[in-house]
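> Before we start, here is the structure in question, set down as structure tokens.
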């Protein structure tokens with residue numbers, strides 16, 4: 302499939318790449334993971350499905366990711382959240398279902414909080430894949446080695462090999478410190494809409510216990526948790542993609 306040329310949206314002097322297809326509501330908004338881009342398998346699968354259904358579909362690359370400008374190492378949750386909110390407000394109309402993968406699930410949960418705070422009730426459903434809210438505080442910080450702590454203090458960052466790219470993951474002190482200001486798993490989370498979580502039990506990056514903790518904090522909402530016994534963090538196998546499309550389709554029908 303040949304990718305269309307993205308629209309460029311200037312956000313605080315950085316060119317953010319956006320792809321938006323108009324269509325029926327509830328629309329679908331894709332939020333990718335840490336160091337992922339909007340042309341990944343799951344996003345493309347959703348795009349094709351939305352086109353077949355005649356449904357609105359929106360996706361973008363965070364700064365420092367994919368086709369957007371900016372440096373990856375300059376990114377924080379607050380920065381990427383702000384960009385996601387700006388894209389959402391510029392391109393969506395009417396009811397929307399947010400689909401967040403890994404870090405994108407964190408961004409989705411924070412977006413709901415900020416939108417509701419501003420009186421915007423347009424988010425009517427959440428589908429979260431291998432959700433990693435608060436991952437800097439809950440998953441990265443507790444596992445820091447002495448060498449990584451030293452690098453954070455002296456260099457302001459440390460690097461980790463990636464299973465998904467030739468380039469290493471970079472975790473900065475700014476990302477970790479800012480993550481503490483964006484935590485959502487500190488108490489009950491009220492999303493004001495149904496939530497469907499898909500979690501692989503063979504996920505080596507975000508353990509299933511993290512998804513279970515998230516579910517326990519969503520007492521006020523209708524929550525579905527689908528555990529995939531042999532699913533890994535990517536959830537990009539054909540059977541995983543089929544489950545994703547079923548979950549999104551069901552959420553759209555409920556919200557519609």
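In the working numbering, the protein residues as written are 302 to 557.
Just so you know, even glycine gets a beta-carbon here, dropped at the ideal spot from N, CA and C.
Model, not experiment: these values are computed from the prediction.
1. Could you check the C-alpha separation between residue 536 and residue 326 for me, to the nearest Å?
2. Indicate whether at least one CB of chain D lies closer than 8 Å to the CB of residue 404.
3. When the Cα atoms are used, what is the spatial distance from residue 546 to residue 457?
4. Which residue comes first and which comes last in the alpha helix (DSSP H) that contains residue 511?
5. Helix, strand or coil for residue 501, going by three-state DSSP, please let me know.
6. Let me confirm a value: residue 451 is counted as buried when at least 16 other C-beta atoms fall within 10 Å, else exposed. Which label applies?
7. Pick from 362, 422, 411: whose alpha carbon is nearest that of residue 483?
8. Whose C-beta lies closer than 6 Å to the C-beta of residue 540 among residues of the same chain, with five residues either side of it excluded?
9. Residue range of the beta strand (DSSP E) that residue 340 falls in?
10. Using CA atoms only, rank isn't needed, just tell me which of 304, 401, 397 is closest to residue 421.
11. Which residues in the same chain as residue 525 place their Cβ atom closer than 6 Å to its Cβ, once the five residues preceding and following it in sequence are excluded?
12. Considering just the uninterrupted stretch of the alpha helix (DSSP H) at residue 553, what are its terminal residues?
13. Return the Cβ separation of residue 520 and residue 489 in integer angstroms, given the expectation that the two are a contact with Cβ distance under 8 Å.
14. I'd like to know if the region 441-449 and the region 400-414 are in contact, where contact means that at least 3 CB-CB pairs between them fall below 8 Å.
15. Between the C-alpha atoms of residue 302 and residue 349, what's the straight-line distance to the nearest angstrom?
16. At what residues does the alpha helix (DSSP H) containing residue 453 begin and finish?
17. Tell whether a beta-carbon distance below 8 Å holds between residue 400 and residue 330.
18. Is it the case that the Cβ atoms of residue 522 and residue 492 are separated by a distance below 8 Å?
19. Expressed to the nearest angstrom, what Euclidean distance is found between the alpha-carbon atoms of residue 385 and residue 432?
20. Given this structure, state the Cα-to-Cα distance separating residue 374 from residue 425, to the nearest angstrom.
21. Mind checking residue 364: buried by the 16 CB within 10 Å criterion, or exposed?
22. With burial defined as no fewer than 16 other Cβ atoms inside 10 Å of the residue's Cβ, what is the status of residue 298: buried or exposed?
23. Determine which residues share a DSSP beta bridge with residue 467 and list them.
24. Can you tell me the Cβ-Cβ gap for residue 403 and residue 335, rounded? I've got them flagged as a contact below 8 Å.
This is what the structure holds:
1. 26 Å
2. Of the chains in the structure shown, none is chain D; there is only one protein chain.
3. The straight-line gap from Cα to Cα measures roughly 40 Å.
4. Run containing residue 511: 509-517, per the alpha helix (DSSP H) assignment.
5. strand
6. exposed
7. 411
8. none
9. From DSSP, residue 340 is part of no beta strand (DSSP E); its letter is neither H nor E.
10. 397
11. Within the same chain, residue 525 has close Cβ partners 497.
12. Element bounds for residue 553: 539-556.
13. 6 Å
14. no
15. Since pLDDT at residue 302 reaches only 48, below the 50 mark, its modelled position is unreliable, and no value is offered.
16. 447-455
17. yes
18. A contact, by the Cβ cut-off of 8 Å.
19. 17 Å
20. About 33 Å.
21. By the C-beta density criterion, residue 364 is buried, having at least 16 other C-beta atoms within 10 angstroms.
22. This structure leaves residue 298 out entirely; the chain is present only between 302 and 557.
23. DSSP, once it has assigned bridges, lists no residue as partnering residue 467.
24. 6 Å
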